[in-house]
Amino acid sequence: MQMTETVAGNIRDIFHEPQGRPDYMILFVTLCLLIIGTVMIYSSSTIAAEQRYGNSLHFLKRQLIYAGLGIAGMFIMSRIHYQHWRKAASVGIVLSLVLLVLVFVPGLGTTINGARRWIKVAGFTFQVSEFVKLALVVFLAHFLTKKIEYGQNDIRRMFAVPLACTVVITALILKQPDFGTAVILITVMLFIFYLAGIRLLYLLGFAAAMVPVGVLLVIFEGYRLKRIFAFLHPWDDPQGAGFHIIQSFLCFGSGGALGVGLGNSVQKLYYLPEPHTDFIFSIIGEECGFIGVLLVIILFAVLIMRGFMISFSTSDTFGSLLAAGITTVIAMEVCINIAVVMGMLPTKGLVLPFVSYGGTSLVMSLAAVGILLNISGQMRPGGTNALRKTE
Amino acid sequence: MNRKEKKWYRFRLFTIAGFFSIFLCALVIRAFHLQIIKYESLKHYADEQQFCNILLPPERGLILDQNGQKLAATILADSVYVDPVMVKNREKTAEKIAYALDMKKADVMKKLSGPGRFSWIKRKITPPEAAAIKPLAADGVFLLQEPNRFYPQRELACHILGFVNIDSQGLEGLEFKYDNQLKGPLHTISWRRDAKGNRIYQAERAPVEQNDSVSNIILTIDSRIQFIAEQQLKDAVEANRAKGGSAIVMDPRTGEILALANYPFFNPNAFSKVSADERRNRAITDCFDPGSVFKPFVAAAALDDGVVKENDVFYCENGSYRVGDRVIHEAHMKRHQAMTLADIIKKSSNIGIAKVAQLLTKERFYEHLRELGFGEETGIDIPGEVPGFLRKPNTWRPVDFANMSFGQGISVTALQLATAMSAIANHGVMMKPHVVRAIVDSQGKVLEEFTPQVVRKVVSPVTAERVAVLMTSVVESQGGTGSRARITGVSVAGKTGTAQKFDFTEKAYSSQKVTASFMGFFPADEPQMVVLVIIDEPEINRWGGVAAAPTFKNISEQVLCRLDRNIEIKRVEKEAEVKKVTSRVARPDTADIMQAASTEIIPSYDPADTSLIPDFTGMSLRDVLALCRERGIKTRISGSGWAVNQEPEPGMPIDADRPCFILFGNAF
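Just so you know, the protein sequences line up as chains C and U, in that order.
Residue numbering for the first sequence follows this note's numbering, starting at 37 and increasing by one per position.
Residue numbering for the second sequence follows this note's numbering, starting at 103 and increasing by one per position.
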C-alpha cells in the first residue's frame with residue numbers, strides 16, 4: 037500500500053504540468069512534417085509494397101503505428117521535467133554501450149542490407165543508434181553542465197570523459213557499419229564542445245585528427261571510395277556508381293517548379309532505389325516540385341531555429357545545452373540527408389527525420405521533440421528559468 | 103556562468119544557428135538550381151529514360167481512281183514485338199511464339215536474346231495469330247497495331263500503283279514516285295514505362311497529330327475502264343497463247359490515261375510472290391518494233407509537209423521492191439499494183455508507205471518522228487519509263503529508212519504509240535500523258551493539280567483530220583485490215599499492226615515471233631478516246647487485225663455501253679440494241695453481236711416507270727441498292743462486280759413481298 041503510494045508519488049513527481057506555455061510552433065511544425073512524411077511514404081511505397089508484400093498499404097500501416105507510438109512518446113516526454121534526465125544520463129550511456137554490443141550478439145542483432153543495426157525484441161526491431169544519439173546528447177549536456185557550473189575549465193577534466201565516451205560509441209557504430217550516424221555523433225559532439233566553450237584550437241586539432249581517421253575508413257571500405265567518386269563525377273557512370281544520385285537528380289529535375297502532382301511520380305517506379313526511406317525527399321521534389329521542396333525546408337528551418345531559440349532563452353545551462361544538442365542532431369540529419377539526395381554530399385544512408393519511413397527513427401525523433409517542448413515549457417515569461425524551483 | 107561567459111555562450115549558440123541557416127539556404131539554392139535552372143535538361147534525360155519510343159509510319163495516303171474508288175488503302179494489322187528484358191524463360195517463350203506464329207524456334211530465340219528493349223518478332227500477322235500471342239504479354243511479348251497497305255481491288259491497276267515493303271516504303275509505281283507525299287513523316291508512338299519496362303497506361307504521351315501531312319492521290323484512271331481493259335487483255339492473251347500484252351485507254355483531249363493494263367498482272371498485296379517479269383509495267387518499260395501501226399504517222403508526216411495527197415497513186419512493185427541490196431515484200435506476200443495513199447493505209451502496203459516516206463526525205467522523216475515523240479520519254483508520271491530507240495538519220499541505210507516507214511527497225515513503247523495517236527486524234531496537238539489528276543490532303547483540299555499539259559503541236563489540224571479519215575477506212579471500209587474493230591453505231595479510226603520481233607538469239611528478225619497490235623480512236627470525227635492494244639508473241643492468231651482488233655473493239659464497246667461518257671452515237675436507234683446485247687452476252691465477239699443484234703427485242707416497257715422492275719444489268723452494286731431503295735424493291739444479292747442477271751425480268755411489276763434476285767459478276 038505504502039509502496040504503491042511511493043510509486044504514485046514518484047510518478048506524480050515526474051509527470052507534472054509544465055509551468056509555462058510550451059512552444060506550440062515546434063509542435064505544429066513537427067506534426068506538419070509528420071503528415072507530409074506519411075503522405076509521401078504512402079505515395080512512394082505503394083508499388084513496392086504491393087509487389088513485395090502483396091499489400092500496397094504495408095508501409096503506410098506500419099508508419100501510422102510508429103507515428104502513434106511516437107506522438108505518445110512525445111507527449112510523455114513533454115510531461116517529464118527535463119531535469120530528471122540528468123539523473124538518467126550515466127545510465128543512458130551505459131545502456132547505449134550495452135545495446136551497441138548486443139547488436140553483435142547472434143539471435144538478438146538483425147542484419148539488414150549487410151549492416152547490423154537492429155535488435156529484435158518480441159517481434160519488434162529496434163534501431164540502437166537512434167537511441168544512442170539521444171542518450172549521448174543527454175550525457176554530454178549533463179556532463180558539461182556539471183563542469184561549467186563548477187567553474188571547471190581544464191581541458192582534460194572537462195572534455196576527456198565525454199570525448200572518450202563518444203569515440204567508443206562511434207567506434208561501435210562504425211563497426212555495424214553506420215558511417216552516417218558516426219558522422220552525426222562526432223559533429224554533434226564537436227558542436228556541443230564548441231558551445232560549452234572549448235578553445236577553438238583544441239576543436240580544430242580534434243577535427244584535424246579526424247581527417248586521417250576518415251581517410252583510413254574510406255580506404256578500408258571500397259564502397260565508400262566508390263561513393264565519393266560517384267558523388268564527384270556522377271555522370272561518368274550513369275548506369276553504375278552514379279546511378280543512384282542521377283536518378284535522384286532526375287526526380288528533382290522532372291518535378292520542376294510545381295511538380296508532377298501527388299502520386300504521379302514515375303521515378304518511384306523502380307528507377308529510384310529506396311524511394312520511401314533515404315530518398316523520400318527526391319520524391320517530394322518530383323511530385324511537389326520546387327514549391328514542395330521549399331515548404332519542407334522552411335518547416336525544418338522553423339523547427340531548427342525554434343530549437344535554438346529555446347536553447348537561447350533557457351537560462352539553465354543543462355536545458356540550454358540539451359535543447360541545442362537535440363536541435364543540432366535534428367539539423368544535422370536534415371541537412372545531410374537533403375544535401376545527399378541533391379548531390380551535395382556523398383551518399384551516407386541517413387533518413388530524413390519525421391518524413392522518411394523508419395520506426396525507431398520516427399519514435400526517437402518525436403521523443404526528442406517532446407523533450408524540447410518540455411524545456412520550452414519550463415521557461416517563465418520573465419526570463420528566469422523555472423528549474424531551480426523544482427530542484 | 104557569469105555575465106561575460108553567458109554572453110560568449112549566447113554568441114556561440116548564435117554562430118551554430120547561423121551555420122545551419124546558411125546550410126539550409128544552400129539547400130534551397132541547390133534545389134532551385136536542379137529544379138528550375140536545370141529543369142529542361144534533367145526533364146529531357148528523365149523522359150529519355152522513362153519513354154519507350156517506336157517510330158512508325160503514319161497511315162499511308164489513299165490512292166483513288168477518278169471516281170473516288172479506293173485502289174490503295176490502309177488497314178491496321180497487328181505486329182508482334184518482344185521486350186527481351188521481360189522474358190523470364192527464353193526457351194519456353196520462344197517455343198510458345200514459334201508455335202503461335204509458325205516460325206522456327208531458333209529464329210525466335212535469336213530475336214529474344216537481342217540487345218535493347220525492343221525487337222520485332224513478326225510483323226503484320228493475321229487475327230488468329232494475334233489472338234494466340236495476346237496471352238504472352240506477361241512474358242514481354244506484345245502486340246502493336248501497324249498500318250498495313252492494302253489493295254482492295256487486288257490486281258486492278260497494279261502496274262500503275264506499284265507496291266510497298268513491310269515498312270510501307272513505296273518500291274515501284276506511284277507508290278514509289280509519290281512515296282514522300284503518301285507516307286508523311288514517321289510518327290512516334292511512345293509511352294511511359296517503369297524501370298522494369300511495364301507500360302504506365304495513365305501517363306501516355308499524347309500522340310502527335312500528323313495526319314495532315316499525308317496526302318491522298320487521285321488518278322485519272324477510271325477503275326471500271328481499267329477493269330474492262332485488264333479482263334479483255336487477259337482474255338486475248340490467253341486465247342492467243344501470247345506471252346503478254348498491254349492495253350492503254352487514253353483521253354486524247356487531255357492526255358489523261360483512263361486505263362493502262364498489262365498482262366500478266368499480279369496482286370500487289372502479295373507482290374513478293376511474283377517474279378519481276380510480272381511486275382514490269384510493259385506499256386512503258388518494254389520497247390518493240392511497232393510494225394504497221396506506224397504507217398499513219400508516216401502518212402501524217404507526208405500529208406503535213408504537203409508532199410502527198412490522199413489520191414496520189416504509188417506503184418507497189420507487184421509485191422517485191424528492191425531497196426539497196428534488199429528486197430521488201432508485202433505482208434501475206436500480197437502483190438499490189440498501183441495504190442492511192444488511202445489504199446496504202448487501208449490495205450497496209452509496206453512498199454507503198456516506203457515510197458511515201460521516200461518523198462519526205464530522211465531528215466524530214468526523222469524530224470517528224472521526233473515531233474511525234476519517238477525516241478524520248480513521254481514524261482508520264484509513272485517511274486521507269488524508257489525512251490525507246492530511234493537512230494540518227496545519218497546512220498540509216500536505204501533499207502533502214504524503208505523498213506522504218508512500216509515500223510521495223512525502230513523501238514517504241516506502247517505509251518509512245520498511244521501518245522502519238524492521241525496527238526493525231528486531238529487535232530494534231532500532243533498532250534502529256536499522265537495518270538495523276540491531283541494530290542489532295544486528308545480533308546480533300548487540293549494540294550497539287552495536274553491539269554492537261556500541251557507538249558507541242560505535231561501536225562496541223564487539217565492533217566490530223568485527213569489522217570483520221572484514212573484510218574477510218576481501215577476499220578469501216580470493205581477490205582480494210584481493221585474490220586474486226588468495227589463497232590456498231592460509232593465510227594472508229596484505227597490501224598492494225600503486225601511487227602516481226604528481233605530475235606536476239608538468231609540476230610535477225612523472226613518470222614514466227616511477232617507483236618500484234620491495234621491502235622485506234624473513236625468517234626473518228628470527234629475523237630474522245632484512244633485505245634491501243636498490244637499482244638506480245640501471239641501463237642494462235644498472229645495478225646494484229648485478228649489478235650488485237652477484237653480486243654480493241656470489246657474494250658471500246660464496253661466502255662461505250664457501261665459508261666456515260668457522252669460519246670455521240672451516230673445511229674441513235676441502235677443504241678439500246680447494242681447496250682442490250684453487250685450486257686447480256688458474256689464476252690461477246692463480233693459474230694455473236696451481229697447475230698444477237700438482229701434477234702434481240704427492244705424492251706417494250708418504259709424504263710422510267712417506277713412501278714416496274716428496272717433493268718439492273720451493268721449497274722454497280724451501289725447503284726442497284728440505291729435504285730432498289732428508291733423504288734422499294736426487296737433485293738437478294740449474290741456475287742460481286744456488276745449486275746449480270748436478275749429475276750424477275752425487267753418490266754415486271756414490283757411486288758413488295760417478292761424479292762428480286764440479282765447476280766453480280768466481273769465477266770461480261
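Backbone N, C-alpha and C define an ideal beta-carbon position, used for all residues, glycine too.
Just so it is clear, the structure is predicted and the values come from calculations on it, not from any experiment.
Check                                                                                                                                                                                                    : Outcome
Where does L157 (chain U) land, buried or exposed, given buried means 16+ other C-beta within 10 angstroms?                                                                                              : exposed
Looking at the secondary structure, which residues open and close the alpha helix (DSSP H) in which L240 (chain C) lies?                                                                                 : 236 to 256
When the cut-off is 7 Å and only beta carbons count, does V542 (chain U) lie next to chain C?                                                                                                            : no
Using a Cβ distance threshold of 8 Å, determine whether the region 255 to 268 of chain U contacts the region 381 to 396 of chain U, with at least three qualifying pairs required.                       : yes
When the Cα of G379 (chain C) is compared with those of C:M225, C:E185, C:F267, which residue comes out closest?                                                                                         : C:F267
Leaving out the 5 sequence neighbours to the left and right, which residues in its chain are closer than 7 Å to I703 (chain U) when beta-carbon positions are compared?                                  : In this prediction, I703 (chain U) scores a pLDDT of 36, lower than 50, which makes its location untrustworthy; the coordinate-derived value is nonetheless stated afterwards. Within the same chain, I703 (chain U) has no close Cβ partners at all.
With three or more C-beta pairs closer than 8 Å as the rule, is the region 473 to 491 of chain U touching the region 271 to 287 of chain U?                                                              : yes
Would you kindly work out how many angstroms separate the C-alpha atoms of V365 (chain C) and W293 (chain U), rounded to a whole number?                                                                 : 44 Å
I'd like to know if R294 (chain U) contacts chain C, where contact means its C-beta is closer than 7 Å to some C-beta of that chain.                                                                     : yes
Tell me whether the beta-carbon of E596 (chain U) lies closer than 7 Å to the beta-carbon of G581 (chain U).                                                                                             : For the sequence presented, residue 596 (chain U) should be read as Gly rather than Glu. No, these two residues do not count as a Cβ contact at 7 Å.
May I ask you to list, following chain order, the residues of the region 266 to 295 of chain C that have a beta carbon less than 7 Å from some beta carbon of chain U?                                   : F285, L286, F288, G289, S290, G291, G292, A293
First and last residue of the alpha helix (DSSP H) that includes H178 (chain C)?                                                                                                                         : 164 to 185
Please state the DSSP three-state secondary structure of N316 (chain U).                                                                                                                                 : For clarity, residue 316 (chain U) is Val in the given sequence; the question names Asn instead. V316 (chain U): coil per DSSP, three-state reduction.
Kindly indicate if chain U contains any beta-carbon less than 7 Å away from that of F317 (chain C).                                                                                                      : no
Which residues of chain C have a Cβ atom closer than 8 Å to the Cβ of Q86 (chain U), listed in chain order?                                                                                              : Because chain U here runs from 103 to 770, residue 86 (chain U) falls outside it and cannot be looked at.
Applying a beta-carbon distance threshold of less than 9 Å, which residues of chain U neighbour T364 (chain C)?                                                                                          : I118, F122
For I291 (chain U), decide whether its Cβ has a neighbour in chain C, counting only Cβ atoms nearer than 7 Å.                                                                                            : no
In chain order, what residues of the same chain have a beta carbon less than 7 Å from the beta carbon of I320 (chain C), not counting five sequence neighbours either side?                              : M76, G328, V329, V332
For G264 (chain U) and L173 (chain U), I'd like the C-alpha separation in whole angstroms.                                                                                                               : 11 Å
Could you please give the first and the last residue of the uninterrupted beta strand (DSSP E) stretch that includes Y417 (chain U)?                                                                     : 415 to 417
Identify whether N250 (chain U) lies in helix, strand or coil by the three-state DSSP scheme.                                                                                                            : strand
Measuring CB to CB, does N452 (chain U) end up less than 7 Å from F508 (chain U)?                                                                                                                        : yes
Kindly list, in the order they appear in chain U, the residues whose Cβ is closer than 8 Å to that of L330 (chain C).                                                                                    : V130, A133
Please report whether the beta-carbon of A337 (chain C) lies at a distance below 7 Å from any beta-carbon of chain B.                                                                                    : Checking the listed chains, one finds no chain B in this structure; the protein chains it contains are C and U.
Residues of chain C with CB closer than 9 Å to the CB of I138 (chain U), please, in chain order.                                                                                                         : G292, A293, F326
Return the residues of the region 209 to 237 of chain C that lie within a Cβ-Cβ distance of less than 8 Å from chain U, sorted by chain order.                                                           : F227, Y230, L231, G233
Tell me which residues share the same chain as R588 (chain U) and place their Cβ nearer than 6 Å to its Cβ, disregarding the 5 neighbours each side in the sequence.                                     : V577
So G572 (chain U) and A440 (chain U) are in contact, right, with Cβ under 8 Å, and what is the actual spacing, rounded?                                                                                  : The amino acid at residue 572 (chain U) is misidentified as Gly; the sequence shows Leu. 17 Å between Cβ atoms; not a contact.
Find the nearest neighbour of F552 (chain U) within the set U:A363, U:G357, U:L136, U:K224, judged by alpha-carbon distance.                                                                             : U:G357
Nearest CA to the CA of L386 (chain C): which residue from C:S79, C:C371, C:G90?                                                                                                                         : C:C371
Can you confirm whether M113 (chain C), when its beta carbon is compared against all beta carbons of chain U, has any partner nearer than 7 Å?                                                           : no
Once DSSP output is grouped into helix, strand and coil, what is the label at V561 (chain U)?                                                                                                            : coil
Could you work out which residues of chain U lie near S347 (chain C), taking near to mean beta carbons separated by less than 7 Å?                                                                       : L115
If contact is defined by three or more beta carbon pairs under 8 Å, each pair taking one atom from either stretch, is the region 349 to 357 of chain C in contact with the region 175 to 182 of chain C? : yes
Verify the CB distance criterion: does L360 (chain U) have a CB-CB separation below 7 Å to chain C?                                                                                                      : no
With DSSP as the reference, label D314 (chain C) as helix, strand or coil.                                                                                                                               : coil
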